[in-house]
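The structure appears right after this line, and notes come after that.
Number of protein chains: 2
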Amino acid sequence: MKQVIECIPNFSEGRRQPVIDAISGSIAAVPGIRVLDVQSDADHNRTVVTFVGERQSVAEAAFQGVATAAKLIDLDHHQGEHPRIGATDVVPLVPVSGVTMDECVELARRLGQRVGMELDIPVYLYERAATRPERSNLADVRRGEYEGLKQEILTNPDRAPDFGPARLGPSGATVIGARQFLIAYNVFLATDDVNIARQIALAVRHSSGGLRHVKALGLTVEGKAQVSMNLTDFHLTPVHRVVELIRREAARYGVAVERSELIGLIPEQALIDAAQWYLQLDGFSRDQVLEIKLREG
Amino acid sequence: MKQVIECIPNFSEGRRQPVIDAISGSIAAVPGIRVLDVQSDADHNRTVVTFVGERQSVAEAAFQGVATAAKLIDLDHHQGEHPRIGATDVVPLVPVSGVTMDECVELARRLGQRVGMELDIPVYLYERAATRPERSNLADVRRGEYEGLKQEILTNPDRAPDFGPARLGPSGATVIGARQFLIAYNVFLATDDVNIARQIALAVRHSSGGLRHVKALGLTVEGKAQVSMNLTDFHLTPVHRVVELIRREAARYGVAVERSELIGLIPEQALIDAAQWYLQLDGFSRDQVLEIKLREG
Numbered sequence: 001m002k003q004v005i006e007c008i009p010n011f012s013e014g015r016r017q018p019v020i021d022a023i024s025g026s027i028a029a030v031p032g033i034r035v036l037d038v039q040s041d042a043d044h045n046r047t048v049v050t051f052v053g054e055r056q057s058v059a060e061a062a063f064q065g066v067a068t069a070a071k072l073i074d075l076d077h078h079q080g081e082h083p084r085i086g087a088t089d090v091v092p093l094v095p096v097s098g099v100t101m102d103e104c105v106e107l108a109r110r111l112g113q114r115v116g117m118e119l120d121i122p123v124y125l126y127e128r129a130a131t132r133p134e135r136s137n138l139a140d141v142r143r144g145e146y147e148g149l150k151q152e153i154l155t156n157p158d159r160a161p162d163f164g165p166a167r168l169g170p171s172g173a174t175v176i177g178a179r180q181f182l183i184a185y186n187v188f189l190a191t192d193d194v195n196i197a198r199q200i201a202l203a204v205r206h207s208s209g210g211l212r213h214v215k216a217l218g219l220t221v222e223g224k225a226q227v228s229m230n231l232t233d234f235h236l237t238p239v240h241r242v243v244e245l246i247r248r249e250a251a252r253y254g255v256a257v258e259r260s261e262l263i264g265l266i267p268e269q270a271l272i273d274a275a276q277w278y279l280q281l282d283g284f285s286r287d288q289v290l291e292i293k294l295r296e297g
Numbered sequence: 298m299k300q301v302i303e304c305i306p307n308f309s310e311g312r313r314q315p316v317i318d319a320i321s322g323s324i325a326a327v328p329g330i331r332v333l334d335v336q337s338d339a340d341h342n343r344t345v346v347t348f349v350g351e352r353q354s355v356a357e358a359a360f361q362g363v364a365t366a367a368k369l370i371d372l373d374h375h376q377g378e379h380p381r382i383g384a385t386d387v388v389p390l391v392p393v394s395g396v397t398m399d400e401c402v403e404l405a406r407r408l409g410q411r412v413g414m415e416l417d418i419p420v421y422l423y424e425r426a427a428t429r430p431e432r433s434n435l436a437d438v439r440r441g442e443y444e445g446l447k448q449e450i451l452t453n454p455d456r457a458p459d460f461g462p463a464r465l466g467p468s469g470a471t472v473i474g475a476r477q478f479l480i481a482y483n484v485f486l487a488t489d490d491v492n493i494a495r496q497i498a499l500a501v502r503h504s505s506g507g508l509r510h511v512k513a514l515g516l517t518v519e520g521k522a523q524v525s526m527n528l529t530d531f532h533l534t535p536v537h538r539v540v541e542l543i544r545r546e547a548a549r550y551g552v553a554v555e556r557s558e559l560i561g562l563i564p565e566q567a568l569i570d571a572a573q574w575y576l577q578l579d580g581f582s583r584d585q586v587l588e589i590k591l592r593e594g
């Protein structure tokens, strides 16, 4: 199976197009890398680059992106709505195919070490690559943002980086780690009552007692109540279980699921898992899919 | 998108391994061809070869298979349980990706013409490539088998071949055509009462009033009642509609669907269609599947 790792670095620049181009260009220039998307937001003053490749290429491209951002972005003169601690704020590595989570964790650690040593940037490992439980969650690592961390890193041993110096330069610190593919999945209800969407979001999301790998909010979108979600591990908390639980909760209010939508990409496996579950294909194996057999067989 | 045509020729030899090897070898030797499967059955005295490739390669490989079979198989000395009219009995071409049904029909006609002219074998076009409605169905074209057709082709204008001579040599006649991918899909019921499976088969299959592209039988398999099916056009009669209709019919007898199984391969699109239908992903597009975007984007 062809090895594919996805990397989705977030850079603290969403306004100066030449800077955005220089960063994404330094990533795209690495052989074996395919840039799938570059999304900049001026209000957040932030750019998200999505690219894929094999292990060595991805590590090199991520390093080049971090190096370019460190040269061109000065956090002392950066303002934006989105919380951030570094010119390169966060670098998640995601196993897509032919590679395990453990290998992505290992890759994140080696990338972090190189960023710390060669670029003199403090690096925090997060999610599956975290070295302390309290660093799993990105929001916790980013607490106080660049301005707060600048002071705290000097004195608080809890904020000591995993790699690099315990002091912040103008390019700040970078959070690097490995996580599962994130599926952005929204379910529209056949009602305009947003309170029902909010009640359902509370029921299905992990933080308030629901499913382990679901983050959810109740919103009004296009005049309909919507349960808006991030599914952070579709292997353990699959899409079909989420929508069927929402369907059941909605029925309790006399409401049906009208439709659902994916924002961005979904791994093939998540759709195959849903088809297998609904069709009750117990003995099914991936290499019964013609295209997978042609690709991998 | 990469062009993939599947070809599944059936040869009237399932016992003499050197003959089977010579036929499949002549197919595999064509550049650009990938042989996925060779299945021989001694009782049927028949071998089914499954291979894929682009248009020109597939036409060349099919021709080479027919030519080799014509040299090595003598229908005057062939016996087997399976009905047949030729050394190469039938050659279906199936569009898998990057190619339309019309292009496969055109390819079937050109292949038929070449087999008729260069090998002096009578060729009947069937299924989507049929030139007469009464030749759509393979069983109708094969009526009387080799022995019956040998006499009838000489005198009955209804049996005149589309290409080649109106007389049978010892390699018989060959049926060539284009059809949709055939999905072999079986649904197990939570009962051992085969009569319920038979009633459901009658309800869902086309021939007795059911869904257009479903062939079905009720059987007992592993002690359970099974609805055994061929789905002959999953674009028009999708797998999810079939299993949900079976589920409804079974409920009328107080019986549930226990599990289902696929025999052999299924195109990725059939599983994506099922996931999209059950998850109610109305605005979904194929290039939201990460692997498809990587492959085709």
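For the record, the sequence lines run as chains E and W. Note that this note's numbering has the first sequence beginning at 1, numbered continuously upward. Note that this note's numbering has the second sequence beginning at 298, numbered continuously upward. Glycine is no exception: its CB is placed at the ideal position from the N, C-alpha and C atoms.
| Check | Outcome |
| --- | --- |
| Check this for me: beta carbons of residue 321 (chain E) and residue 163 (chain E), under 7 Å apart or not? | Here chain E has residues from 1 to 297 only, and residue 321 (chain E) is not among them. |
| Under a Cβ-count criterion, where at least 16 other Cβ atoms within 10 Å of its own Cβ denotes burial, should residue 87 (chain E) be classed as buried or exposed? | buried |
| Please tell me whether residue 339 (chain W) and residue 311 (chain W) are closer than 7 Å, where the distance is taken between their beta carbons. | yes |
| Under the assumption that residue 349 (chain W) contacts residue 301 (chain W) (Cβ atoms under 8 Å), give the Cβ distance between them as a whole number of angstroms. | 5 Å |
| Can you name the start and end residues of the alpha helix (DSSP H) that residue 270 (chain E) belongs to? | 268-279 |
| Could you check the C-alpha separation between residue 416 (chain W) and residue 327 (chain W) for me, to the nearest Å? | 18 Å |
| Work out the CA separation of residue 233 (chain E) and residue 187 (chain E) for me, nearest whole Å. | 18 Å |
| Specify the secondary structure class of residue 308 (chain W) as computed by DSSP and reduced to three states. | strand |
| Mind checking which residues open and close the alpha helix (DSSP H) that includes residue 366 (chain W)? | 352-369 |
| Closest Cβ-Cβ distance between residue 588 (chain W) and chain E: below 7 Å? | yes |
| Please look up how many angstroms separate the CB atoms of residue 90 (chain E) and residue 227 (chain E), rounded, as I've assumed it's under 8 Å. | No, residue 90 (chain E) and residue 227 (chain E) are not in contact; Cβ-Cβ is about 26 Å, not under 8 Å. |
| Where DSSP assigns a beta bridge to residue 331 (chain W), which residues make up the other side? | W:349 |
| Around the C-beta of residue 548 (chain W), are 16 or more other C-beta atoms found within 10 angstroms, so that it is buried, or is it exposed? | exposed |
| What residue does the beta strand (DSSP E) around residue 384 (chain W) start on, and which one ends it? | From DSSP, residue 384 (chain W) is part of no beta strand (DSSP E); its letter is neither H nor E. |
| Distance, Cα to Cα, residue 600 (chain W) vs residue 243 (chain E)? | Beyond the ends of chain W as shown, which are 298 and 594, falls residue 600 (chain W); an answer cannot be given. |
| Taking only beta carbons into account, state which residues of the segment 9-32 of chain E come closer than 7 Å to chain W, listed in chain order. | none |
| Taking only the alpha-carbon atoms, compute the straight-line gap between residue 167 (chain E) and residue 146 (chain E) and give it to the nearest angstrom. | 11 Å |
| Would you grab the beta carbon distance between residue 206 (chain E) and residue 231 (chain E) for me? Rounded to a whole angstrom, and I think it's under 8 Å. | Their Cβ separation, rounded to whole angstroms, is 11 Å, which puts residue 206 (chain E) and residue 231 (chain E) out of contact at 8 Å. |
| Hey, does residue 544 (chain W) have any beta-carbon neighbour from chain E nearer than 7 Å? | no |
| Taking 7 Å as the threshold (beta carbon to beta carbon), is residue 261 (chain E) in contact with chain A? | Going by chain labels, chain A is absent from the structure shown, which instead holds the protein chains E and W. |
| Rounded to the nearest angstrom, what separates residue 36 (chain E) and residue 45 (chain E) at their Cα positions? | 20 Å |
| Please list, in chain order, the residues of the segment 523-556 of chain W that have any C-beta partner in chain E closer than 8 Å. | 536, 537, 540, 554, 555, 556 |
| Look up residue 582 (chain W) in the DSSP assignment and give the residues it is bridged to. | Partner(s): none; residue 582 (chain W) has no beta bridge. |
| Below 7 Å CB to CB, which residues in the same chain sit around residue 114 (chain E) once its five sequence neighbours on both sides are set aside? | 63 |
| How about the segment 190-197 of chain E and the segment 247-263 of chain E: do they share at least three Cβ pairs that are nearer than 8 Å? | yes |
| With distances taken Cα to Cα, identify the nearest neighbour of residue 28 (chain E) among E:10, E:58, E:18. | E:58 |
| In three-state terms, what does DSSP make of residue 410 (chain W)? | helix |
| Who pairs with residue 229 (chain E) in a beta bridge, going by DSSP? | E:185, E:216 |
| From what residue to what residue does the alpha helix (DSSP H) around residue 152 (chain E) run? | 145-155 |
| Along chain E, in chain order, which residues have C-beta atoms closer than 9 Å to that of residue 349 (chain W)? | 290, 294 |
| What residue range is occupied by the uninterrupted beta strand (DSSP E) comprising residue 545 (chain W)? | First-last for residue 545 (chain W): 536-549, but that is the alpha helix (DSSP H), not the beta strand (DSSP E). |
| Over the uninterrupted alpha helix (DSSP H) stretch that includes residue 438 (chain W), give me the two end residues. | 435-438 |
| Where does the unbroken alpha helix (DSSP H) through residue 325 (chain W) begin, and where does it stop? | 314-325 |
| Going by DSSP in three states, residue 302 (chain E) sits in which element: helix, strand or coil? | Limits of chain E in this structure are 1 at one end and 297 at the other, which puts residue 302 (chain E) out of reach. |
| Near residue 223 (chain E), which residues of its chain fall below 8 Å by C-beta distance, leaving aside the five closest residues on each side in sequence? | 192 |
| Assign residue 287 (chain E) to buried or exposed, taking buried as 16 or more other Cβ atoms, counted over all protein chains shown, within 10 Å of its Cβ. | exposed |
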